[in-house]
Each structure stands twice: as structure tokens, then as C-alpha cells.
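Participant:
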């Protein structure tokens, strides 16, 4: 029996949005690097009938990078979208889903990401720092210095670098390097690590052992370094604890 | 019995002058366009 024709879906139809949200959740859930992405626009949708109560959906979507690292337990709806002047990053994804008896399943995804052009950002905000390569020497120097500064001051666990997530450099009027990086707690206290850092091992994979640091290293006119690291931590909601302070448990 | 679908009949209803059907895609931009 040939499959019954399926009515065309519009990109802003509720069913299209549900498919796109399922796809975004799948993409974020299967990503181990960088930041969570959120839906910006459904570019196209095609529906191919497959059989009774079953059809395939092909989606093309534009996503935007948020400020939440993929390891962050913050729900996507509470994550802030990177603004244009922060040098936004866009993701383009092709997604294949199956809808069977009303249930959506993601079958395949293919995504590419790219930053907005530096010229566009500079045109709108001439003094804004621009994205730098993650292996830029100034970036890696800033991350190393920031993590050392944190570990030298904290009384908590010694933190190891997991990955650099983002870096921006501003060359004028001041020369400033901004970095963001994911960290993981080790089984050593920061004090114990001073004696034998090689003995420090990462704790078993657990969201509570991951964290995120932001740092600002001023190179000119006067050298300065500020770092802020927060472990995600296990959070038990209580009525008298504001949501945001439950999501992040500060260590500094 | 074979019946025509309602949507086919709707297609025959003339649109008011100046009416433009909204495009199905792309959808709305939720934040900003890069």
C-alpha cells in the first residue's frame, strides 16, 4: 500500500518546532566540546511519507552558540545566547528524524559551525575584542596563568584543564586577552598538588566534578590577571535558594 | 466514493486583491541573523 501523502509543513508550524527542538536537544546531548547551541531559525523542512503513521523529516536549521558549556547542567532555556558583539558563532545543521506513531526520533545530524566575520563585528563595535584561535600563544599563556593563579589561591580541589572553549583578544586601546575554559576537579587538594602534581588524578566522570573558568589577562598598559572558576556541583533545589546560585557552586 | 479534499476547494477561493500567501520557509529568526 503506498504511503499516504503528508501535508507540507511550514517552518514555523508547531510540529516543525517540536522536531527542531528534539534535534537541538540531541545535538547538545551528543556534543562533548564547546558550548550548547540554541535554535535560531528553521531554514527548511521536508516530509517524506514512509508508511502508516510513519514519516521521515529532513530539517535544515540555524543555531546560535550560548554561554553554557556542554558540561554545564544549566537547562538550555536558561542559557544566554552569545550576542553579536561578543563575536557570535552560528551552527548550520542538516537533521534527519523519524516520526513513528507520534514519537520523534533523531536518526542523523550533520553540523558545521562558523563565527561571524570579524569585519562585521568590527564595523558595529570597533573596540570589541575578536575571537582568537584557541592555540594562539597569548591564549594558551593566559589559560595557563589563570589556572595556576586559581590553584595557587584555592583551598579546594586542584583543577585540571579540560579544554579551552573560547578566546578573544583586544589590541586597542588596551591589549587584553579574554579566555574561557572547562576544568575538572582532581583527587588532590590544591595544597597537596604543590608537592606532587603528577599524582593528581581526575575524579570519575561526574557532572559535579566539572567546572568552568573565565579569565581576563591585561597585557598593556598594566599587566593584570583576573580569574573566576566555578564547579557545577550537585544541586538540590530548595525553596529558599535562588535558581542561579543552585546551578553554579562558586569555588572562588 | 471519492471526495475532493477541502484544501483543494479552498485553493479555488479567490484571494483578496494584494493578498500574498505567507511562505512556508524559511521560518522566523528568533535571535539575530549572522
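Chains as they are written, first to last, in the working numbering: chain H, 1 to 252; chain E, 1001 to 1034. Quick reminder that beta carbons are idealized off the backbone N, C-alpha and C, glycines included. The structure presented is a predicted model; accordingly, all values stated were derived computationally and were not measured.
Considering Cα atoms alone, identify which of H:220, H:139, H:75 is closest to residue 172 (chain H).
Facilitator: Nearest of H:220, H:139, H:75 to residue 172 (chain H), Cα basis: H:220.
Participant: Hey, quick one: how far does the beta strand (DSSP E) through residue 97 (chain H) stretch, first residue to last?
Facilitator: Start and end: 89-100.
Participant: Assuming residue 179 (chain H) and residue 190 (chain H) are in contact, meaning their beta carbons sit under 8 Å apart, how far apart are those beta carbons, in whole angstroms?
Facilitator: Not really, about 20 Å apart at Cβ, beyond 8 Å.
Participant: Report all residues from its chain with a CB closer than 7 Å to the CB of residue 34 (chain H); omit the five preceding and five following residues, and keep chain order.
Facilitator: Closer than 7 Å at Cβ, skipping near neighbours: 70, 165.
Participant: Is residue 168 (chain H) close to chain E? Criterion is C-beta to C-beta, closer than 8 Å.
Facilitator: Not an interface residue.
Participant: With a 10 Å radius around its C-beta and 16 neighbouring C-beta atoms as the bar for buried, classify residue 91 (chain H) as buried or exposed.
Facilitator: When all chains shown are included, residue 91 (chain H) counts as buried.
Participant: Taking residue 81 (chain H) as the query, report the chain E residues whose CB atoms sit under 9 Å from its CB, ordered along the chain.
Facilitator: In chain order: 1030, 1031, 1032.
Participant: Let me see if you follow: with CB-CB separation under 8 Å, is residue 14 (chain H) close to chain E or not?
Facilitator: Output row for residue 14 (chain H): interface = no.
Participant: If we call anything under 8 Å between Cβ atoms a contact, is residue 100 (chain H) one with residue 106 (chain H)?
Facilitator: No, Cβ-Cβ distance for residue 100 (chain H) and residue 106 (chain H) is not below 8 Å.
Participant: Return helix, strand or coil for residue 44 (chain H), following the three-state DSSP convention.
Facilitator: In this structure, residue 44 (chain H) counts as strand in the three-state DSSP scheme.
Participant: Starting from the C-beta of residue 133 (chain H), find all residues in its chain whose C-beta is less than 8 Å away, skip the five residues before and the five after it, and write them out in chain order.
Facilitator: These residues qualify, in order along the chain: 139, 167.
Participant: Measuring alpha carbon to alpha carbon, tell me which residue in H:25, H:27, H:59, H:36 is nearest residue 12 (chain H).
Facilitator: With distances taken between Cα atoms, residue 12 (chain H) lies closest to H:59.
Participant: Tell whether a beta-carbon distance below 8 Å holds between residue 183 (chain H) and residue 211 (chain H).
Facilitator: Yes.
Participant: So, is the C-beta of residue 91 (chain H) closer than 8 Å to a C-beta in chain E?
Facilitator: No, its Cβ sits nowhere closer than 8 Å to a Cβ of chain E.
Participant: Determine, using beta carbons only, whether residue 186 (chain H) and residue 160 (chain H) come nearer to each other than 8 Å.
Facilitator: In this structure, residue 160 (chain H) lies closer than 8 Å to residue 186 (chain H) by Cβ.
Participant: If the cut is a Cβ gap below 9 Å, which residues of chain E does residue 10 (chain H) touch?
Facilitator: By Cβ distance, chain E contributes 1022, 1023, 1024, 1025, 1027.
Participant: Would residue 80 (chain H) be called buried (16 or more neighbouring beta carbons within 10 Å of its own) or exposed?
Facilitator: Exposed, because fewer than 16 other Cβ atoms sit within 10 Å of the Cβ of residue 80 (chain H).
Participant: Does the beta-carbon distance from residue 146 (chain H) to residue 213 (chain H) come in below 8 Å?
Facilitator: Yes, they are a contact pair.
Participant: Quick one: what does DSSP say residue 70 (chain H) is sitting in, helix, strand or coil?
Facilitator: Here residue 70 (chain H) sits in coil by DSSP.
Participant: Out of H:20, H:125, H:175, H:26, state which residue places its alpha-carbon closest to the alpha-carbon of residue 43 (chain H).
Facilitator: Taking only the C-alpha atoms, the option nearest residue 43 (chain H) is H:20.
Participant: If the cut is a Cβ gap below 8 Å, which residues of chain E does residue 39 (chain H) touch?
Facilitator: In chain order: 1030.
Participant: Taking 8 Å as the CB-CB cut-off, is residue 181 (chain H) touching chain E?
Facilitator: No, residue 181 (chain H) does not count as interfacial toward chain E.
Participant: By alpha-carbon positions, which one of H:217, H:14, H:229 ends up nearest to residue 129 (chain H)?
Facilitator: The shortest C-alpha separation from residue 129 (chain H) is found at H:217.
Participant: Which of the residues in the stretch 37-67 of chain H, read from start to end, lie with their CB under 7 Å from any CB of chain E?
Facilitator: The residues in question are 39, 40, 41, 42, 43, 44, 45, 64.
Participant: Would residue 84 (chain H) count as contacting chain E if we go by Cβ distances under 8 Å?
Facilitator: Yes - at least one Cβ of chain E is within 8 Å of the one on residue 84 (chain H).
Participant: Quick check on this structure: which residue in H:93, H:86, H:85 has the alpha carbon closest to the alpha carbon of residue 28 (chain H)?
Facilitator: Per the Cα distances, H:93.
Participant: Measure from the alpha carbon of residue 1026 (chain E) to the alpha carbon of each residue in H:7, H:61, H:57, H:14, then state which is nearest.
Facilitator: For residue 1026 (chain E), the nearest C-alpha among the options comes from H:61.
Participant: Distance, Cα to Cα, residue 48 (chain H) vs residue 95 (chain H)?
Facilitator: For residue 48 (chain H) and residue 95 (chain H), the distance between alpha carbons rounds to 13 Å.
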